[in-house]
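S.K.: The structure follows.
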Amino acid sequence: MTGQLYTGVFVYSTQDPTAEALLVGDGAVAWIGPLDSALALHGDAERRDFEGCLLTPSFVDVLPTADGTAPDDAWREAALSRGVTDAVPGMPGMRDGVLACAPAAAPGTPFLSLASEGTPLAFGSGDAEHLDPWSWVRAAAHEGPEDERISDRAAFLAATRGSRRLAGIMHPGSLVPGAEATFVVWEPWDLIVRGQEERIQTWSTDPRSRTPMLPDLTDGAPTALRTVVRGRTVFTADAPGAP
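Per this note's numbering, the very first residue in the sequence shown carries number 4; after that it's consecutive.
The structure is reproduced here in structure tokens:
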């Protein structure tokens, strides 16, 4: 197999949170692991170096419009630049056993209570003012009542795996071999692991914590440099150093 080898990256993966390289082949994630092994095993692959960038599954917007209608082609094209690769139009509320909500557009939602009750969550924008998917994660994990916030990881999964569930797509929620190669390359950013209970210090910048790291959303959020759908690049930013 040749494929495309992404190197110098942080791979959001529960299988190997320390992975520095990811191989794409036949539209799927074919391999993840350390850089030296990547070069030894897959040196013939087309190399794409994104030093210091984070690779995560893409976002899916379950509330792309305020009135529940399907977004137009212009919306979908622009969404790729935000790391959003699909939309599941509809209104807020329960859909097929999943609660569709817009964290940034509906502050005060009791996310922790809902999660504690076992309610599956799926996130979306809700309106044109909250299109940035990282704002959904920030709203659920950092804003609103402190006793109703969830962890960054839980919020991220609601915006990726949970939203895919509403689209009828089963996904592990991280980049692992065999998963569809639909992901986003995010610009270099400070990465952390943060628990939902801010009163207890559970921050970490150490990948050896065995938990995939996510961007520190305290001050802003990263932008997408590249968006890939089933192994095919569908968006590339006009950014220096973006191959």
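We put the CB at the ideal spot given by N, CA and C, even for glycine.
Compute the Euclidean distance between the alpha carbons of P106 and R141, then round it to the nearest angstrom.
M.R.: The alpha-carbon atoms of P106 and R141 are separated by roughly 8 Å.
S.K.: Of all the beta strand (DSSP E) runs that stay within the bounds of the region 160-206, which reach a length of 3 or more residues?
M.R.: 186-189
S.K.: Output the boundary residues of the beta strand (DSSP E) element that contains V27.
M.R.: Residues 24-28.
S.K.: Among the residues of its own chain, which have a CB less than 8 Å from the CB of R229, if the five just before and after it don't count?
M.R.: F53, V187, V188, T236, F238, T239, A240, A245
S.K.: Please name the residue in P67, E183, R233 whose C-alpha comes closest to that of A131.
M.R.: P67
S.K.: Put F53 into one of helix, strand or coil per three-state DSSP.
M.R.: Note: F53 maps to coil in three-state DSSP.
S.K.: Decide yes or no for the touch test of the region 19-34 against the region 64-78: beta carbon pairs closer than 8 Å, at least 3 of them.
M.R.: no
S.K.: For I172, which of V63, S138, D155 has the nearest alpha-carbon?
M.R.: When the alpha-carbon of I172 is set against those of V63, S138, D155, the nearest one is in V63.
S.K.: Classify A109 as helix, strand or coil using the three-state DSSP reduction.
M.R.: coil
S.K.: Can you find the residues in the same chain that come closer than 6 Å, C-beta to C-beta, to A90, ignoring five residues on each side of it along the sequence?
M.R.: D64, P67, P74
S.K.: Could you give the DSSP three-state label for D64: helix, strand or coil?
M.R.: It is a strand residue.
S.K.: In terms of residue numbering, what span does the alpha helix (DSSP H) encompassing R79 cover?
M.R.: 76-83
S.K.: Are the CB atoms of D219 and L194 nearer to each other than 8 Å?
M.R.: yes
S.K.: According to DSSP, is P136 helix, strand or coil?
M.R.: helix
S.K.: Would S116 and T88 qualify as a contact pair, given that the criterion is a beta-carbon distance under 8 Å?
M.R.: no
S.K.: Buried or exposed: which applies to A43, given that a residue is buried once 16 or more other Cβ atoms fall within 10 Å of its Cβ?
M.R.: exposed
S.K.: Determine, using beta-carbon pairs with one atom in the region 14-22 and one in the region 150-158, whether at least three such pairs fall under 8 Å.
M.R.: no
S.K.: For R233, name the three-state secondary structure that DSSP assigns.
M.R.: coil
S.K.: What do you get for S138, buried or exposed, if any count of 16 or more other CB atoms within 10 angstroms of its CB means buried?
M.R.: In summary, S138 is buried, with 16 or more beta-carbon neighbours lying within 10 Å of its beta-carbon over all protein chains present.
S.K.: According to the neighbour-count rule (16 or more other Cβ atoms, all chains shown, within 10 Å of its Cβ), is E120 buried or exposed?
M.R.: E120 is classed as exposed because its beta carbon has fewer than 16 other beta carbons within 10 Å across all chains shown.
S.K.: Return the first residue and the last residue of the beta strand (DSSP E) that L220 is part of.
M.R.: Counting along the chain, L220 falls outside any beta strand (DSSP E), and DSSP gives it neither H nor E.
S.K.: Quick one: residues in its chain with C-beta nearer than 7 Å to the C-beta of G36, no 5 flanking neighbours on either side, listed in chain order?
M.R.: D19, A22, A24
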